[in-house]
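All remarks here apply to the structure that follows.
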Amino acid sequence: MVFLFLLLIMSLIAIILFFSKIRIEIINFKFNSLNQRHINKDYEIIIKLCILGGLPIFKIKVTKMKLEKMRVKEKIERINFTELERKVPLNKETFQTIKKLDIMIKNINLYIDIGTENAVLTSMVVPAISTIIAIILRKKIKKFENQTFIMNPVYQNQNLVNLFVSGIFEVKMRHIINIIYILNRKEGVKRYERTSNRRPYDYSYE
């Protein structure tokens, strides 16, 4: 009886998680390529697990101070990217899988200034990048009211990127679960292929 009750609870939790959403709120994030500190100190990134259409049941707040205390930069520098790339190869198939993540934009305020050392190049690069971003935003934004996207060319004969973004982004938990399952399945298949890649008479006696 207790086992059935626990199984029911676990099944209910699994169903709730499957239909939940991850909401990421970015507040006051700034990047300036000319400053010694490229990223501002007062930004916040809030990650929420939401159920029932938007009820938050779990929240994590990320700030620059917290990342520095956790020494995230040092941990990233110690990552063996060669080993990571071997486990999850960055190929067309992997990008097609990640593309299924389907991140939706609830709210966006995006301002970008871009400049290069060549004025002609700047006048060509800025419209191209602006068009690409506009196409992506158009596909991912549900409601276009109160959304802002502005990109400006900067003609100062120097390479620079200024960026400001605040926004709310959502991804369905079932998409994350599906991608993790697909990537793990591919890794399992590759591991099986490596262990099975031997001649049938390797263990036979002469």
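Mind the numbering: the sequence shown is residues 59 to 264 in the numbering used here, read in order.
From the three backbone atoms N, C-alpha and C, an ideal C-beta is built for every residue, glycine too.
Note that this is a predicted model, so its numbers are computed, not measured.
- Taken in chain order, the whole beta strand (DSSP E) runs of length 3 or more contained in the segment 199-243 are 206-211 and 218-230.
- The segment 156-199 contains, as complete beta strand (DSSP E) runs of 3+ residues, the segments 162-173 (chain order).
- Judged by DSSP in its simplified three-state form, residue 110 adopts coil rather than helix or strand.
- The DSSP-derived three-state label of residue 79 is strand.
- By the Cβ rule, the segment 178-196 does not count as touching the segment 217-231, because fewer than three pairs are nearer than 8 Å.
- Annotation: the continuous alpha helix (DSSP H) that includes residue 124 extends over 122-127.
- Counting C-beta atoms within 10 angstroms of its own C-beta, residue 112 has fewer than 16 neighbours from the protein chains shown and is therefore classed as exposed.
- Residue 228 counts as buried, since no fewer than 16 other beta carbons sit within 10 angstroms of its beta carbon.
- Here residue 104 is not near residue 132, since their CB atoms are 7 Å or more apart.
- Cβ-Cβ separation between residue 75 and residue 209: approximately 38 Å, too far for a contact (criterion under 8 Å).
- Comparing alpha carbon positions, the residue from 62, 166 and 126 closest to residue 206 is 166.
- Apart from the 5 residues on each side of it in sequence, residue 174 sits with its Cβ closer than 7 Å to the Cβ of 180, 183 and 217 in its chain, given in chain order.
- Burial of residue 78 is indicated by the presence of at least 16 other C-beta atoms within 10 angstroms of its C-beta.
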